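170 is the number that my numbering gives the last residue of the sequence shown; the numbers go up by one with no jumps. Remarks on the structure that follows.
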Amino acid sequence: MILLPFFAIYIVVTQFIIAPSGISGNSMSPTLKNRDGIWIKKYNNNYQSGDIIIFKSSKNPDIEYISRLIALPKDKIKIQQGKVYLNGKLLQEPYTKTPTNLWEDGFVKEGEEYKIPDNEIFVMGDNRPRSSDSREFGFINISLIIGKYSNYKYWEGK
Numbered sequence: 013m014i015l016l017p018f019f020a021i022y023i024v025v026t027q028f029i030i031a032p033s034g035i036s037g038n039s040m041s042p043t044l045k046n047r048d049g050i051w052i053k054k055y056n057n058n059y060q061s062g063d064i065i066i067f068k069s070s071k072n073p074d075i076e077y078i079s080r081l082i083a084l085p086k087d088k089i090k091i092q093q094g095k096v097y098l099n100g101k102l103l104q105e106p107y108t109k110t111p112t113n114l115w116e117d118g119f120v121k122e123g124e125e126y127k128i129p130d131n132e133i134f135v136m137g138d139n140r141p142r143s144s145d146s147r148e149f150g151f152i153n154i155s156l157i158i159g160k161y162s163n164y165k166y167w168e169g170k
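So, in structure tokens, the structure goes:
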């Protein structure tokens, strides 16, 4: 009986404030590695370009993805010759080591500019050749965002 209040507090905190999550895969390498344990802020909806977010894809709702938020509603994005342009300016991306590749059957086409619709965002993983993201499946509705990486790890992966 004494543990019941602590259990209730834990449920509230992990559902609405901050929750642990584990990284599975290398789509955010080198920033986050496979098996890193991270904290996700769930209460903050003031998202900015460059934030690392956790979300569900409308195409695969059972899977949680982690990617970097690149473009917000009304922004314009273009990928040309391995470089990303945000609102007409070359995006400086010190967090990625590889050029931005595109897939033949993907959503984004070489050199085409896309305006992000209202209530939608554009995301990409830092490890561009190994990431399923907006280049492949398109824009993400803001309602599918679970939370934002808090910049704190509770476990370091390998």
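For glycine and all other residues, C-beta sits at the position ideal for the given N, C-alpha and C. Only a predicted model underlies this, so the values are computations on that prediction, with no experimental measurement involved.
query                                                                                                                                       : result
Can you have a look at ASN58 and say buried or exposed, based on whether 16 or more other CB atoms are within 10 angstroms of its CB?       : exposed
For the candidate residues TYR161, THR43 and ILE35, whose alpha-carbon lies nearest to that of TYR107?                                      : THR43
Note down the Cα distance separating PRO17 from ILE64, rounded to an integer number of angstroms.                                           : 32 Å
Starting from GLN92 and walking both ways along the alpha helix (DSSP H), at which residues does that stretch end?                          : It is not in any alpha helix (DSSP H) - GLN92 instead sits in the beta strand (DSSP E) that spans 88–92.
With a CB to CB cut of under 8 Å and the five nearest residues on each side skipped, what residues in its chain are close to LEU98?         : SER61, ILE82, ALA83, ASP87, LYS88 and ILE89
Would you say the region 45–55 touches the region 26–35, given that touching needs at least three Cβ pairs under 8 Å?                       : yes
For GLY159, tell me which candidate among ILE14, ALA31, LEU103 and ILE23 has the shortest Cα-Cα distance.                                   : ALA31
Can you give, in chain order, each stretch of the beta strand (DSSP E) that sits fully within the region 19–59 and has at least 3 residues? : 30–34 and 49–53
Assuming PRO141 contacts ASN113 (C-beta within less than 8 Å), just tell me the rounded distance between them.                              : 6 Å
Looking at the strands, I want to know which residues DSSP matches up with GLY159.                                                          : ILE66
Could you check which residue in LYS109, SER39, ILE128 and VAL25 has the C-alpha nearest to that of TRP51?                                  : VAL25
Tell me ARG80's beta-bridge partners as DSSP assigns them.                                                                                  : ILE64 and MET136
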